[in-house]
Each structure stands twice: as structure tokens, then as C-alpha cells.
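Those protein sequences? They're chains S and E, same order as listed. If you read the first sequence in this note's numbering, its first letter stands for residue 8, the second for the next number, and so on. If you read the second sequence in this note's numbering, its first letter stands for residue 980, the second for the next number, and so on. Just below is one structure, and these are the notes that go with it.
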Amino acid sequence: KQEVTQIPAALSVPEGENLVLNCSFTDSAIYNLQWFRQDPGKGLTSLLLIQSSQREQTSGRLNASLDKSSGRSTLYIAASQPGDSATYLCAPNSGYSTLTFGKGTMLLVSP
Amino acid sequence: DAMVIQNPRYQVTQFGKPVTLSCSQTLNHNVMYWYQQKSSQAPKLLFHYYDKDFNNEADTPDNFQSRRPNTSFCFLDIRSPGLGDAAMYLCATSSAGTGSADTQYFGPGTRLTVL
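Right, dumping it as C-alpha cells:
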């Protein structure tokens, strides 16, 4: 059974800092891994999807990396802004399109 | 241009009174999912439809049922809600198996309160 851990659980930074969110998973036999953003009381917004054959995926200020063999992924956020404040969730896909979610990292970016 | 729509956004029901949550999509995706997310916890998959094929997770209680009458709509039925079923219910879709990126797209969720 896939288990996903996200570290740190919470993070508070001043605006402009670069930051890294970590995700580890126990079963490396994944098809892809997706990073999501969740604002309080809202649904999930997909940020990036990395296929198992990829090492990195970039979208604007976001860069996600995947080391499948070691069961790790990181989400790098450059030049953080207050609007980035949200909970970030990672979810590896172990097959049949079913995702297993971590509990997320709650990010607060202060002006 | 909403792609995954959930109704209602907030639902209040009484203990034991059946409730139905609705999800519709304009993406023509072949897979639809229902997740349960309790406060400060990770979303947990309840079941999913791959086209018309229903796939129930092993630990999903029998109290939870689902219907998918057509490609666009999927319903979550809770037959006898208990206090422990109060949660955010998230619907998602993907176009799995079509060579696309398998990205899952989520709706805004329905917040269920059980009194």
C-alpha cells in the first residue's frame, strides 16, 4: 500500500524567498506524480504532473523534480508571493489512475 | 468555463437521512472519481468509474454508493450519514488511457455537515 509523507507540515516565509517542499512515497512503482494546490475550504488545483520517465517539470515559478527510484519528489517555488499561500499536496499515481495523497504542506507567505 | 462542477457546494443533513451529492463535467473525460477529505487530512479515494466500470476501494464503507448515468454526470449517495461522514467530498475527472498526461481535474467540492 502506497504511503506518502510531506515535509514540512507547515512553512512560513517572507515574500520573495525561494522554497522547497518535499514529498516521499514508499512504492516507487508509479506511473506519474501530481502536485496540487488547495486553498482553504476549496477544491484542488493541479499544478504539475511528472511522468515516471521524467526528471523535472516546470510551470512558471514552479519546478517539480522526481527521483522515482528513491521515492522522492520536490516542488520548488521561486520568488514566493503572498498569493502562493495555500496547502500543497503531492500524489503519486500507482496505477489505474488512482492517486494517493500526502497530508500536504501548509504554506504561508507574508508580505 | 467551469470544467468540473459540484452541487451543492454546502449540504446539511440530519443523522441517518439519505443525501445525494452531484458532479458534472464538461471535459468529456472517461474517468470520474469521488474523494473524501476530512479536516486537516489527505483526500481519500472512495471509488471511481472507468467509463461505466465501477471500482470500489476496499475500505470504502457500504454506506457510500455511486451512480454514473452518463459520461457527464456522477452521483455520490450516502444512505445513512453518520457524524463521522461530515467532510469535504471532492469529485475529479481524468482522461486516463487515452495517451494524455493523466492529469486529474478537481471540482470545488461539497462540504457536508451532519447534524
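All residues carry an ideal CB built from backbone N, CA and C; glycine is no exception.
Taking E/Asp1056 as reference, the option from E/Met982, E/Phe1026, E/Leu1006 with the minimal CA-CA separation is E/Phe1026. Ranked by Cα distance from S/Asp74, the options S/Gly67, S/Met113, S/Asp34, S/Lys110 are led by S/Asp34. In this structure E/Tyr1029 does not touch E/Ala1071 by the C-beta definition: roughly 13 Å separates them, more than the 8 Å allowed.
Within the same chain, Ser1003, Gln1004 come within 7 Å of E/Ser1051 by CB-CB distance, once the 5 residues on both sides are set aside. Interface criterion not met: the Cβ of E/Asp1032 is under 8 Å from no Cβ in chain S.
E/Gln1020 and S/Lys110 have their C-alpha atoms roughly 5 Å apart.
When secondary structure is reduced to three states using DSSP, E/Leu1094 falls in the coil class, being assigned neither helix nor strand.
For S/Leu56, the nearest beta carbon of chain E is closer than 8 Å to its own beta carbon.
In summary, the residues of the region 1065-1090 of chain E whose CB is separated from some CB of chain S by less than 9 Å are Met1067, Leu1069, Cys1070, Ala1071, Ser1073, Ala1075, Gly1076, Ala1080, Asp1081, Thr1082, Gln1083, Tyr1084, Phe1085, Gly1086, Pro1087, Gly1088, Arg1090, in the order they occur in the chain. Taking C-beta atoms as the reference points, E/Tyr1068 and E/Met982 fail to come closer than 8 Å.
Counting the other CB atoms within 10 Å of its CB gives S/Ala98 a total of 16 or more, which places it among the buried residues. By the Cβ neighbour-count rule, S/Ser76 is exposed, with fewer than 16 other Cβ atoms within 10 Å of its own. If you look at S/Lys75, you'll find it isn't in any beta strand (DSSP E); DSSP assigns it neither H nor E. About 7 Å separates the CB atoms of E/Ser1059 and E/Pro997; that is less than 8 Å, so the two are in contact.
Interface annotation for the region 49-83 of chain S against chain E: Lys49, Gly50, Leu51, Thr52, Ser53, Leu56, Gln58, criterion Cβ-Cβ distance under 8 Å. Shortest Cα-Cα distance from S/Tyr95 to any of S/Gly23, S/Gln9, S/Phe108 involves S/Phe108. Within the same chain, and ignoring the five residues on either side of S/Glu24 in sequence, the residues whose Cβ sits closer than 7 Å to its Cβ are Ser87.
Taking 8 Å as the threshold, the shortest C-beta distance from S/Phe32 to chain E does not fall below it. Using a CB distance cut-off of 8 Å, E/Pro1022 counts as an interface residue toward chain S.
If you keep only unbroken beta strand (DSSP E) runs of at least 3 residues inside the region 33-115 of chain S, you get 39-45, 51-58, 63-66, 69-74, 79-84, 93-100. Closest option to E/Lys1023, judged by alpha-carbon separation, among S/Ala16, S/Leu69, S/Thr105: S/Thr105.
Identification of chain E residues near S/Asn39 by a Cβ-Cβ cut-off of 7 Å yields Asp1081, ordered along the chain. Excluding sequence positions up to five before and after E/Leu1000, its CB lies within less than 6 Å of the CB of Leu1055, Tyr1068, Thr1089, all in the same chain and listed in chain order.
For the pair S/Leu114 and S/Val20, the Cα-to-Cα distance works out to about 8 Å.
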